[in-house]
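According to the numbering used here, numbering within the sequence shown proceeds without interruption in unit steps and concludes at 156.
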Amino acid sequence: MDTLSYKTISANKATVSKEWLLVDAEGQTLGRLASKVAKLLRGKHKTNFTPHVDCGDNVIVINAEKINLSGNKWVEKTYQRYTGYPGGQRETTATEMLEKQPERIVEKSIKGMLPKNRLGADLFRNLKVYAGTEHGHEAQKPKAINLNDYK
Numbered sequence: 006m007d008t009l010s011y012k013t014i015s016a017n018k019a020t021v022s023k024e025w026l027l028v029d030a031e032g033q034t035l036g037r038l039a040s041k042v043a044k045l046l047r048g049k050h051k052t053n054f055t056p057h058v059d060c061g062d063n064v065i066v067i068n069a070e071k072i073n074l075s076g077n078k079w080v081e082k083t084y085q086r087y088t089g090y091p092g093g094q095r096e097t098t099a100t101e102m103l104e105k106q107p108e109r110i111v112e113k114s115i116k117g118m119l120p121k122n123r124l125g126a127d128l129f130r131n132l133k134v135y136a137g138t139e140h141g142h143e144a145q146k147p148k149a150i151n152l153n154d155y156k
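Spelled out as structure tokens, the structure:
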């Protein structure tokens, strides 16, 4: 038989090649940054993307305190949490969150763009967010990327 056969290659935990990527959030809009980082974490930019496997890269986001929000979102955007007690629903604005925990703003927006299941929880563990320029992952030799080059 003289025909070409193409096989669909499905990635698994053993065949996945993971990299460490460094993303600078300075001057980036929050939602656009989050969607691009979520795509990198998921592995959708790779040719061997498999939906049910963690085939994405490990991503380090620095300068989380220098993120931008458009419009009046610094004042109007609220984050809700629940303490577990009756009447324990708490709200904070984006400005208050930036003062206390700037990396939490970026983490929450990226986590919301990942799958809501065990795979999404595993993917979220591959994300490291830091408020300043210092991070403790120099040993992994992360590759700095420009998010404006990705779609």
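Glycine is no exception: its CB is placed at the ideal position from the N, C-alpha and C atoms. Source: prediction; values computed, not measured.
Exercise. Between the Cα of Lys71 and those of Glu96, Arg47, Arg109, Gln94, spot the shortest distance and give me the residue it belongs to.
Key: Measuring from the Cα of Lys71, the nearest candidate turns out to be Arg109.
Practice problem: Return the CA-CA distance between Tyr157 and Ser10, expressed in angstroms with no decimal places. | Solution: Outside the displayed span of the chain (6 to 156) sits residue 157, for which this structure offers no information.
Quiz item: Rounded to a whole number of angstroms, what is the C-alpha to C-alpha distance between Gly117 and Thr8?
Solution: 46 angstroms
Self-check item: Contact set for Thr138: own chain, Cβ-Cβ below 7 angstroms, skip 5 residues either direction
Solution: Ile67, Asn68
Quiz item: Is Gln33 buried or exposed, if buried means 16 or more other CB atoms sit within 10 Å of its CB?
Solution: buried
Exercise. Report yes or no: do the region 74-93 and the region 42-50 share at least 3 C-beta pairs separated by less than 8 angstroms?
Key: no
Quiz item: Which partner residues does Glu3 have in the DSSP bridge list?
Solution: Because residue 3 is not part of the residues shown, which for the chain are 6 to 156, the question remains open.
Quiz item: Should Lys113 be listed as close to the ligand HEM, given that the test is whether its C-beta is under 7 angstroms from any heavy atom?
Solution: The ligand HEM is not part of the structure shown, which contains no ligands of any sort.
Self-check item: Exposure of Lys41, with buried meaning 16 or more beta-carbon neighbours within 10 Å
Solution: By the neighbour-count definition (other C-beta atoms within 10 Å, threshold 16), Lys41 is a buried residue.
Quiz item: How about Ile65 and Lys148: are their beta carbons less than 8 angstroms apart?
Solution: Not closer than 8 angstroms, so no.
Self-check item: Beta carbon of Leu27 nearer than 8 angstroms to that of Ile150
Solution: yes
Practice problem: With a threshold of 16 other CB atoms inside 10 Å of the CB of Val80, please say whether the residue is buried or exposed. | Solution: exposed
Quiz item: Alpha carbon to alpha carbon, how far is Lys23 from Ser15?
Solution: 15 angstroms
Self-check item: Helix, strand or coil at Lys23 [DSSP, three-state]
Solution: coil
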